[in-house]
Amino acid sequence: MRLATYALIWLLLTGGDTGSWLWGLPAIAVAALFNPFEPNQRWRLDPASLLRFVGLFLQLSLQGAVDTAWRTLNPRRRLTPALVDYVWRLPPNGSRIFLANIINLMPGTLCVRITDDAMTMHTIGDSQAAVDHVSQLEAAIAGMLQQQQVDADD
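Residue 60 in full-length UniProt numbering sits at position 60 of the sequence shown; the count goes up by one each step and never skips.
The following block contains the structure:
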(Lines of atoms letter the chains of each structure in order from A; the text may use other names.)
(Lines give C-alpha, C1' and ligand atoms only; values in the text may rest on other atoms or scores of the structure.)
Protein backbone atom coordinates (compact mmCIF):
# COMPACT_ATOMS: atom_id res chain seq x y z
CA MET A 1 0.00 0.00 0.00
CA ARG A 2 2.84 2.37 0.89
CA LEU A 3 4.55 1.77 -2.47
CA ALA A 4 1.32 2.44 -4.32
CA THR A 5 0.74 5.66 -2.39
CA TYR A 6 4.24 6.95 -3.10
CA ALA A 7 3.96 5.90 -6.75
CA LEU A 8 0.71 7.86 -7.05
CA ILE A 9 2.35 10.91 -5.46
CA TRP A 10 5.28 10.60 -7.90
CA LEU A 11 2.86 10.29 -10.81
CA LEU A 12 1.05 13.45 -9.73
CA LEU A 13 4.28 15.38 -9.14
CA THR A 14 5.70 14.52 -12.56
CA GLY A 15 2.49 14.96 -14.50
CA GLY A 16 2.64 11.38 -15.70
CA ASP A 17 6.02 11.76 -17.43
CA THR A 18 7.14 8.18 -18.11
CA GLY A 19 10.78 9.26 -18.42
CA SER A 20 10.79 10.28 -14.78
CA TRP A 21 10.35 6.68 -13.59
CA LEU A 22 14.09 6.09 -14.01
CA TRP A 23 14.57 8.35 -10.99
CA GLY A 24 11.13 7.79 -9.56
CA LEU A 25 11.33 4.07 -8.87
CA PRO A 26 14.45 4.32 -6.66
CA ALA A 27 13.00 7.39 -4.90
CA ILE A 28 9.73 5.56 -4.25
CA ALA A 29 11.57 2.52 -2.88
CA VAL A 30 13.70 4.66 -0.55
CA ALA A 31 10.67 6.66 0.61
CA ALA A 32 8.75 3.49 1.41
CA LEU A 33 11.74 1.95 3.18
CA PHE A 34 12.46 5.02 5.33
CA ASN A 35 8.87 6.04 5.86
CA PRO A 36 8.81 8.57 8.76
CA PHE A 37 5.24 7.69 9.68
CA GLU A 38 4.36 4.79 11.90
CA PRO A 39 2.60 2.03 9.94
CA ASN A 40 -0.60 1.97 11.98
CA GLN A 41 -0.56 5.60 13.00
CA ARG A 42 -3.98 7.20 13.09
CA TRP A 43 -4.25 10.93 13.52
CA ARG A 44 -7.50 12.47 14.57
CA LEU A 45 -7.88 15.97 13.21
CA ASP A 46 -9.75 18.52 15.26
CA PRO A 47 -11.48 20.76 12.66
CA ALA A 48 -11.48 23.92 14.82
CA SER A 49 -7.79 23.45 15.65
CA LEU A 50 -7.05 22.82 11.98
CA LEU A 51 -8.54 26.21 11.13
CA ARG A 52 -6.50 27.86 13.91
CA PHE A 53 -3.34 26.17 12.60
CA VAL A 54 -3.99 27.34 9.03
CA GLY A 55 -4.64 30.89 10.24
CA LEU A 56 -1.46 30.91 12.34
CA PHE A 57 0.59 29.45 9.50
CA LEU A 58 -0.67 32.09 7.07
CA GLN A 59 -0.07 34.89 9.58
CA LEU A 60 3.49 33.78 10.39
CA SER A 61 4.24 33.16 6.70
CA LEU A 62 3.14 36.68 5.81
CA GLN A 63 5.20 38.13 8.67
CA GLY A 64 8.22 36.11 7.53
CA ALA A 65 7.78 37.17 3.92
CA VAL A 66 7.57 40.86 4.84
CA ASP A 67 10.56 40.59 7.19
CA THR A 68 12.64 38.72 4.59
CA ALA A 69 11.79 41.22 1.85
CA TRP A 70 12.50 44.14 4.17
CA ARG A 71 15.89 42.70 5.16
CA THR A 72 16.93 42.18 1.55
CA LEU A 73 15.81 45.63 0.37
CA ASN A 74 16.89 47.75 3.33
CA PRO A 75 20.66 47.93 3.90
CA ARG A 76 20.16 49.01 7.53
CA ARG A 77 18.16 45.88 8.31
CA ARG A 78 20.88 43.28 7.96
CA LEU A 79 20.55 39.57 7.42
CA THR A 80 21.70 37.81 10.58
CA PRO A 81 21.95 34.13 9.67
CA ALA A 82 22.08 31.66 12.54
CA LEU A 83 21.64 27.98 13.28
CA VAL A 84 19.30 27.34 16.19
CA ASP A 85 18.48 24.05 17.92
CA TYR A 86 14.82 23.63 18.78
CA VAL A 87 13.98 20.88 21.28
CA TRP A 88 10.92 18.84 20.32
CA ARG A 89 7.79 18.88 22.45
CA LEU A 90 5.77 16.80 20.00
CA PRO A 91 5.73 13.01 20.44
CA PRO A 92 8.24 11.01 18.35
CA ASN A 93 6.05 10.35 15.34
CA GLY A 94 5.27 11.90 11.98
CA SER A 95 4.08 15.12 13.59
CA ARG A 96 7.73 16.16 14.02
CA ILE A 97 8.38 15.66 10.32
CA PHE A 98 5.23 17.66 9.59
CA LEU A 99 6.50 20.55 11.75
CA ALA A 100 9.94 20.44 10.09
CA ASN A 101 8.31 20.60 6.65
CA ILE A 102 6.09 23.49 7.72
CA ILE A 103 9.22 25.36 8.85
CA ASN A 104 10.67 24.87 5.36
CA LEU A 105 7.63 26.55 3.82
CA MET A 106 7.96 29.68 5.97
CA PRO A 107 10.09 32.55 4.63
CA GLY A 108 13.25 33.12 6.66
CA THR A 109 13.50 29.65 8.23
CA LEU A 110 14.72 26.28 7.07
CA CYS A 111 15.05 22.97 8.90
CA VAL A 112 18.57 21.68 8.26
CA ARG A 113 18.82 18.71 10.64
CA ILE A 114 16.48 16.45 12.57
CA THR A 115 17.54 14.33 15.54
CA ASP A 116 15.59 12.39 18.13
CA ASP A 117 15.78 15.29 20.58
CA ALA A 118 15.68 18.41 18.43
CA MET A 119 15.73 19.99 15.02
CA THR A 120 18.29 22.51 13.86
CA MET A 121 16.90 25.36 11.84
CA HIS A 122 18.56 28.11 9.87
CA THR A 123 17.18 31.59 10.38
CA ILE A 124 18.01 34.89 8.69
CA GLY A 125 16.52 37.27 11.24
CA ASP A 126 15.66 37.38 14.90
CA SER A 127 16.45 33.85 16.11
CA GLN A 128 14.41 34.16 19.30
CA ALA A 129 11.35 35.29 17.33
CA ALA A 130 11.81 32.28 15.02
CA VAL A 131 11.94 29.95 18.04
CA ASP A 132 8.78 31.58 19.43
CA HIS A 133 7.02 31.11 16.09
CA VAL A 134 8.05 27.45 15.89
CA SER A 135 6.79 26.93 19.44
CA GLN A 136 3.43 28.44 18.46
CA LEU A 137 3.25 26.23 15.36
CA GLU A 138 4.19 23.15 17.38
CA ALA A 139 1.42 23.84 19.90
CA ALA A 140 -1.04 24.39 17.05
CA ILE A 141 -0.01 21.11 15.40
CA ALA A 142 -0.40 19.26 18.72
CA GLY A 143 -3.90 20.69 19.08
CA MET A 144 -4.81 19.96 15.49
CA LEU A 145 -3.64 16.33 15.77
CA GLN A 146 -4.94 15.95 19.33
CA GLN A 147 -1.51 15.02 20.68
CA GLN A 148 0.07 15.75 24.04
CA GLN A 149 3.21 17.86 24.16
CA VAL A 150 6.02 17.17 26.60
CA ASP A 151 8.01 19.87 28.38
CA ALA A 152 11.23 20.69 26.59
CA ASP A 153 13.03 20.44 29.95
CA ASP A 154 12.07 16.76 30.44
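Glycine included, every Cβ here is placed at the ideal spot set by N, Cα and C.
For Ala129, which of Met144, Thr109, Thr120, Ala27 has the nearest alpha-carbon? Thr109
Any idea if Leu90 is buried or exposed, counting beta-carbon neighbours within 10 angstroms, 16 or more meaning buried? buried
Check whether the Cβ atoms of Phe57 and Leu137 lie closer than 9 Å to each other. yes
Is the separation between the beta-carbon of Thr115 and that of Leu83 shorter than 9 Å? no
Closest by C-alpha distance to Arg71, when choosing among Gly125, Leu11, Ser49: Gly125
Report buried or exposed for residue 160, applying the criterion of at least 16 other Cβ atoms within 10 angstroms of its Cβ. Residue coverage of the chain in this structure runs from 1 to 154, which leaves residue 160 outside it and unanswerable.
Start and end residues, beta strand (DSSP E) containing Thr123: 118-123
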